[in-house]
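Engineer:
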Amino acid sequence: GDYDRAEEMYKRAIEADPNHAHNLGNYARFLRSVRGDYDRAEEMYKRAIEADPDQAINLGNYAWLLENVRGDYDRAEEMYKRAIEADPKYALGLNNYAWLLESVRGDYDRAEEMYKRAIEADPANARILGNYAVFLENVRGDYDRAEEMYERAIEADPKYAHGLGNYADFLENVRRDYGRAEEMYQRAIEADPKHAYSLRRYARFLQYVRHNYDRAEEMYHRFIEVDPDHGQ
Numbered sequence: 002g003d004y005d006r007a008e009e010m011y012k013r014a015i016e017a018d019p020n021h022a023h024n025l026g027n028y029a030r031f032l033r034s035v036r037g038d039y040d041r042a043e044e045m046y047k048r049a050i051e052a053d054p055d056q057a058i059n060l061g062n063y064a065w066l067l068e069n070v071r072g073d074y075d076r077a078e079e080m081y082k083r084a085i086e087a088d089p090k091y092a093l094g095l096n097n098y099a100w101l102l103e104s105v106r107g108d109y110d111r112a113e114e115m116y117k118r119a120i121e122a123d124p125a126n127a128r129i130l131g132n133y134a135v136f137l138e139n140v141r142g143d144y145d146r147a148e149e150m151y152e153r154a155i156e157a158d159p160k161y162a163h164g165l166g167n168y169a170d171f172l173e174n175v176r177r178d179y180g181r182a183e184e185m186y187q188r189a190i191e192a193d194p195k196h197a198y199s200l201r202r203y204a205r206f207l208q209y210v211r212h213n214y215d216r217a218e219e220m221y222h223r224f225i226e227v228d229p230d231h232g233q
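To convert a position in the sequence shown, counted from 1, into this note's numbering, add 1.
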């Protein structure tokens with residue numbers, strides 16, 4: 002967690018070899034995720050891709066920045082396609098492209114194709130399994146397959162808080178299995194005590210399903226502490 006020294010080392014590595022695509026890409030990711038310096042991150046991604054136009058992870062990470070930071074969906078899609086062409090088994094790239102196709106393009110058939118390819122490439126990736134579960138639940142309305150994917154995601158990573166929280170929500174609102182739903186909410190919060198989504202959903206569950214107002218208030222307070230600027 003020593004970010005200043007880490008950045009010093011990234012800079013020294015790039016000074017030693019200005020065309021080392023892997024180091025440039027790692028520094029770009031650091032600038033994006035740690036520093037929040039999107040302009041410099043984009044500069045490094047461009048340098049990394051210029052140094053090695055076929056390194057899938059840099060192409061995919063740059064696509065993510067273009068999609069989620071810049072809102073430039075056309076260029077993001079171009080980069081996702083290049084990443085997948087460079088490495089057809091690049092699971093996270095396939096997953097992220099699926100998300101763009103689902104949430105931005107509304108192209109559900111191609112999105113599902115990408116989710117399936119991502120799972121085939123990495124069958125034990127909890128994040129990908131969980132994203133496909135949400136897709137099956139909310140887009141396809143295929144609750145049995147969605148539950149299968151939720152369970153596979155949790156089996157792959159029993160501490161994956163986001164997957165646990167989404168499965169808890171599914172159990173509450175689709176299956177009406179309140180006992181298991183509460184268990185999943187509790188597991189999600191235990192796995193990540195600052196997981197805002199699970200804290201908020203569990204607070205609502207305690208308020209409206211359990212009518213346990215004291216514990217609900219406790220969860221709301223914890224949620225607000227984690228995410229004080231979140232609107233209802």
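In this text, a Cβ means the ideal position worked out from N, Cα and C, and glycines have one as well.
Excluding sequence positions up to five away, which residues of its chain have a Cβ less than 7 Å from the Cβ of aspartate 123?
Structural biologist: Here residue 123 refers to the residue found at position 122 when the sequence shown is read from its first residue. Same-chain partners within the cutoff: Ala92, Ile129.
Engineer: What do you reckon, are the CB atoms on arginine 202 and tyrosine 186 nearer than 8 Å?
Structural biologist: Residue mapping note: residue 202 aligns to position 201 of the sequence shown, counting from 1. Residue mapping note: residue 186 aligns to position 185 of the sequence shown, counting from 1. Closer than 8 Å, so yes.
Engineer: In chain order, what residues of the same chain have a beta carbon less than 6 Å from the beta carbon of arginine 118, not counting five sequence neighbours either side?
Structural biologist: For this step, residue 118 is matched to residue 117 along the sequence shown. These residues qualify, in order along the chain: Leu95.
Engineer: Kindly give me the distance between the Cβ atoms of aspartate 110 and alanine 87, rounded to whole angstroms, as I take these residues to be in contact under 8 Å.
Structural biologist: Mapped onto the sequence shown, residue 110 falls at position 109. Mapped onto the sequence shown, residue 87 falls at position 86. Not quite, the Cβ-Cβ distance comes to about 24 Å (not below 8 Å), so this is no contact.
Engineer: Using CA atoms only, rank isn't needed, just tell me which of Leu207, Pro194, Ala127 is closest to tyrosine 161.
Structural biologist: Position 160 of the sequence shown, counting from 1, holds the residue named residue 161. Comparing Cα positions, the closest option is Ala127.
Engineer: For the region 5–48, which segments carrying the alpha helix (DSSP H) assignment without a break, of at least 4 residues, lie completely within its bounds, in sequence order?
Structural biologist: Counting only runs of 4 or more, we get 22–31.
Engineer: In whole angstroms, what is the alpha-carbon distance linking valine 210 and histidine 196?
Structural biologist: As a working mapping, residue 210 is identified with position 209 in the sequence shown. As a working mapping, residue 196 is identified with position 195 in the sequence shown. Going from the Cα of valine 210 to the Cα of histidine 196 covers about 21 Å.
Engineer: Buried or exposed for valine 35, please, with buried defined as at least 16 other CB atoms from any protein chain shown within 10 angstroms of its CB.
Structural biologist: Start at 1 with the first residue of the sequence shown, and residue 35 comes out as number 34. Under this definition valine 35 is an exposed residue.
Engineer: Tell me whether the beta-carbon of alanine 198 lies closer than 8 Å to the beta-carbon of phenylalanine 171.
Structural biologist: Here residue 198 refers to the residue found at position 197 of the sequence shown. Here residue 171 refers to the residue found at position 170 of the sequence shown. Here residue 198 is tyrosine; the residue named in the question, alanine, does not match the sequence. For tyrosine 198 and phenylalanine 171, no; Cβs fall outside 8 Å.
Engineer: Grab me the residues of aspartate 53's own chain with a C-beta within less than 6 Å of its C-beta, minus the 5 sequence neighbours each way, in chain order.
Structural biologist: Position 52 of the sequence shown holds residue 53. Excluding positions up to five away in sequence, the list reads Ala22.
Engineer: For the alpha helix (DSSP H) holding lysine 82, just list the boundary residues, first then last.
Structural biologist: Position 81 of the sequence shown, counting from 1, holds the residue named residue 82. Counting along the chain, the alpha helix (DSSP H) containing lysine 82 begins and ends at 74–87.
Engineer: Please state the DSSP three-state secondary structure of lysine 117.
Structural biologist: Here the question's residue 117 lines up with position 116 in the sequence shown. Reduced to three states, the DSSP call for lysine 117 is helix.
Engineer: Could you give the residue range of the alpha helix (DSSP H) that holds tyrosine 151?
Structural biologist: For the purposes of this step, residue 151 is identified with residue 150 of the sequence shown, where counting begins at 1. Element bounds for tyrosine 151: 144–157.
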